[in-house]
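Peer 1:
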Amino acid sequence: MRITAATHATCVVIGTAGVLIRGPSGSGKSALGLSLVEHAQGAGHFAALVGDDRVALEVSGGRLVARVPPAIAGLIEQRGHGIRPMPYLPAAVVRLVVDLVPAKTIVRMPEQDTLSTVVNGVTLARQPAPEHDVGQAMALTLAALQHSLHGRAPVPAPRLGTQAGMP
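In our numbering, the protein residues as written are 1 to 167.
The structure is reproduced here in structure tokens:
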């Protein structure tokens, strides 16, 4: 097991998948994390905060594990409201890395090699998402989660000769 110093990132769990959200200060990491958790819980799925703003990363059994530093456990920043308490998990296995980047750098049809990243020697699915745009970042994150966990496009295409959503 190799533990790194605290990393500037937010981590949440959606279902069983840890989502590590990286980006510059003020790019919307906390807002995206909070929105993902609230959206998943509202849809009846398990979701929780792991850590906001800083997480410790370690490799265990070939998997990347994010842990919350005890001093900030259960706390998240909500811009305009300040720091608020939130139910949390102390650790999660990271399955997806979301990198918040300037919108103009996101390509419409990304090359496959840009949709993965290596963190501490572990290869993970990666989704670039626009900073300061929680709605679009959330849509891209949810699609990437579904694709990486189930190996398919997030919404199955309708079969020829049928109406969308009908067998």
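Note that CB positions come from ideal geometry on N, CA and C, so glycine has one too.
Measure the C-alpha to C-alpha separation of ALA43 and ILE14 and round it to an integer number of angstroms.
Peer 2: Straight-line Cα distance between these residues: approximately 11 Å.
Peer 1: Would LEU75 pass as an interface residue toward chain D - the criterion being a Cβ-Cβ separation below 9 Å?
Peer 2: Here there is only one protein chain, and chain D is not present.
Peer 1: CA-CA distance, ARG188 and PRO128?
Peer 2: For the chain, the structure presents residues 1 to 167; residue 188 sits outside this window and is missing.
Peer 1: Bridge partners for ARG126 per DSSP, in chain order?
Peer 2: According to DSSP, ARG126 bridges with VAL97.
Peer 1: Would you check if the distance between the CB atom of VAL12 and the CB atom of ALA56 is smaller than 9 Å?
Peer 2: No, these two residues do not count as a Cβ contact at 9 Å.
Peer 1: Of all the beta strand (DSSP E) runs that stay within the bounds of the segment 23-107, which reach a length of 3 or more residues?
Peer 2: 47-51, 54-60, 63-67, 75-78, 82-85, 91-101, all fully within the segment 23-107.
Peer 1: Can you give me the C-alpha to C-alpha distance between HIS132 and LEU96, rounded to a whole angstrom?
Peer 2: Cα to Cα, the separation comes out at about 19 Å.
Peer 1: Buried or exposed: THR10, going by 16 or more other Cβ atoms within 10 Å of its Cβ?
Peer 2: Under this definition THR10 is a buried residue.
Peer 1: Using a Cβ-Cβ cut-off of 7 Å (strictly less than) and excluding sequence neighbours within five positions of TYR88, which residues of its own chain qualify?
Peer 2: ALA48, LEU49, VAL50, VAL68, ALA73, GLY74.
Peer 1: Note the first and the last residue of the continuous beta strand (DSSP E) segment covering THR16.
Peer 2: Careful: THR16 lies outside any beta strand (DSSP E) and carries neither H nor E.
Peer 1: Evaluate contact between the segment 130-145 and the segment 100-107, counting only Cβ atoms and requiring at least three cross-stretch pairs below 8 Å.
Peer 2: The segment 130-145 vs the segment 100-107: in contact.
Peer 1: Starting from THR117 and walking both ways along the beta strand (DSSP E), at which residues does that stretch end?
Peer 2: Run containing THR117: 116-119, per the beta strand (DSSP E) assignment.
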